[in-house]
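Chemist:
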Amino acid sequence: MGQAQRASELSYDAIQQYAERIGTKYKIYDADGRANLKDLVKTLGGQIEYVDTDESLFVADEGKFTIFLPNHTSQRRDQFTLAHELGHYFLHYLQLGETGEMAFQRGGQNRLETQANFFAASLLMPKESFKNQYERFGSNFFHIAQVFDVSPAAAEIRAEVLRLT
Ligand SMILES: [Zn+2]
3 MGQAQRASEL SYDAIQQYAE RIGTKYKIYD ADGRANLKDL VKTLGGQIEY VDTDESLFVA
63 DEGKFTIFLP NHTSQRRDQF TLAHELGHYF LHYLQLGETG EMAFQRGGQN RLETQANFFA
123 ASLLMPKESF KNQYERFGSN FFHIAQVFDV SPAAAEIRAE VLRLT
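If you count the sequence shown from 1, you need to add 2 to reach my numbering.
1) Kindly indicate which three-state DSSP category V61 falls into: helix, strand or coil?
2) Under 7 angstroms: does the beta carbon of R138 sit that close to some heavy atom of ligand 1?
3) Can you grab the Cα-Cα spacing for the pair M3 / S10, in whole Å?
4) Does E87 come out as helix, strand or coil in the three-state DSSP assignment?
5) For E162, does the count of other Cβ atoms within 10 angstroms reach 16, so buried, or fall short, so exposed?
6) Just grab the DSSP bridge partners of P72 for me.
7) Using 10 angstroms around the beta-carbon of Y95, count the other beta-carbons present and answer buried if the total reaches 16, otherwise exposed.
8) Can you list, in chain order, the residues of its chain with a C-beta nearer than 8 angstroms to that of E57? Leave out the 5 residues immediately preceding and following it.
9) Looking at the unbroken beta strand (DSSP E) that takes in F2, where does it start and where does it end?
10) Provide the residue(s) that pair with F67 in DSSP beta bridges, ordered along the chain.
11) Could you check which residue in L166, L42, Q111, L93 has the C-alpha nearest to that of I17?
12) Under 7 angstroms: does the beta carbon of F106 sit that close to some heavy atom of ligand 1?
13) When DSSP labels each residue in this structure, what does Q7 get in the three-state scheme?
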């Protein structure tokens with residue numbers, strides 16, 4: 003189904019900036035810096051469906067896509083998955099100028115998965131907000147994770163990537 007997927011040629015710094023530009027443009031952050039991704043998906047023309055299988059993204063066309071979320075997972079897990087699938091949509095569809103149907107499933111090319119994860123972390127934990135929370139809570143990743151609605155592990159990795167630890 004659909005066409006072959008291509009990785010983004012953007013550097014990780016550029017992916018981070020791209021994700022943050024999107025977050026700012028669509029005003030997805032509340033006062034604490036938490037991202038509202040469900041509204042963003044809607045604004046972009048996407049919809050969310052809950053399924054008994056793994057998460058995936060199906061793009062019908064630009065501005066028309068569905069993110070499938072597994073049933074029985076946590077809100078935080080969903081939040082990261084939404085950000086990850088949006089990463090595929092922006093990095094591996096819109097930004098590459100793809101058209102027509104494309105599907106992104108778990109177990110795809112490693113490079114695409116890594117890029118989507120990095121996009122997700124950048125979208126959910128923008129650099130400056132993250133630094134502010136890190137200054138506030140130090141390496142108490144449990145609290146930082148609560149602010150951004152992510153897992154403590156994701157917050158800890160973010161701190162390492164931003165070289166705060
Ligand atoms: Zn993926």
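Don't be surprised by glycine CBs; every beta carbon is placed ideally from N, CA and C.
It should be emphasised that the depicted structure is a prediction, and the values quoted were computed from it without experimental measurement.
Modeler: Reading it off the structure:
1) strand
2) no
3) Confidence in M3 is poor, its pLDDT being 49 and thus under 50, which makes the residue's placement too unreliable to answer from.
4) helix
5) exposed
6) V53
7) buried
8) I69, F70, L71, P72, T83, H86, E87, R108
9) Residue 2 lies beyond the residue range present for the chain, which begins at 3 and ends at 167; the question has no answer from this structure.
10) G48, V61
11) L93
12) yes
13) coil
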